[in-house]
Amino acid sequence: MIQGVQLLSATQAYQPGADVWILPFPEASALARNVDWLLNFQITRGLANEPRRRGEQLEGLLKKVKWSLPPAHDKAGSPLLIGAAGRLPTRWVLLPERWDADLQFLQPAADLGPAKVRLFLPANVSPDIFRASVASPFLQQMSRKFEIEVLAET
């Protein structure tokens, strides 16, 4: 293991200590489904939410008067961030849009400025598979910014 990265056991999943919990999608993790339940299904609702789009009538009017508005937020590529203080022993729960082998999904957590991040691995990623990825230069860079706790379901 590299400095700043610690493997936790499943019994340590809900212990306090990390500012941000990074979870896989609920269909990939029993722990994520349990956290979703504890958060009153905010994860499920957040993932199902579709942002409102501007109507064609409004877009046509904007073109006609030669006005522009900032582009509407597009959900694609956006992580889901949920405030968990008071419901879980963490401040934030973050679900990245996708899980990259090079661990780039840690960047949104770094933007929050936490002291410690707890990474819940998907059920199909064992601690051994994760250990193989710790050589990632990006993970080494992130581990200098904050402590990383890694928790596998097995």
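Taking this note's numbering, the leading residue of the sequence shown gets 9, the next gets one more, and so forth.
We put the CB at the ideal spot given by N, CA and C, even for glycine.
Cα atoms of residue 123 and residue 45: separation of roughly 26 Å, rounded to the nearest angstrom. As computed with DSSP, residue 128 is found in a beta bridge with 159. Around residue 31, the same chain offers 37, 39, 40, 43, 51, 101, 102, 103, 128 as residues with beta carbons nearer than 8 Å, after the five sequence neighbours per side are excluded.
If you draw a straight line from the Cα of residue 72 to the Cα of residue 112, it is about 42 Å long. Between residue 151 and residue 110, the gap from beta carbon to beta carbon reaches 9 Å or more.
Distance from residue 47 to residue 106 at the Cβ level is roughly 21 Å; contact not present, criterion being Cβ atoms closer than 8 Å.
Burial of residue 160 is indicated by the presence of at least 16 other C-beta atoms within 10 angstroms of its C-beta.
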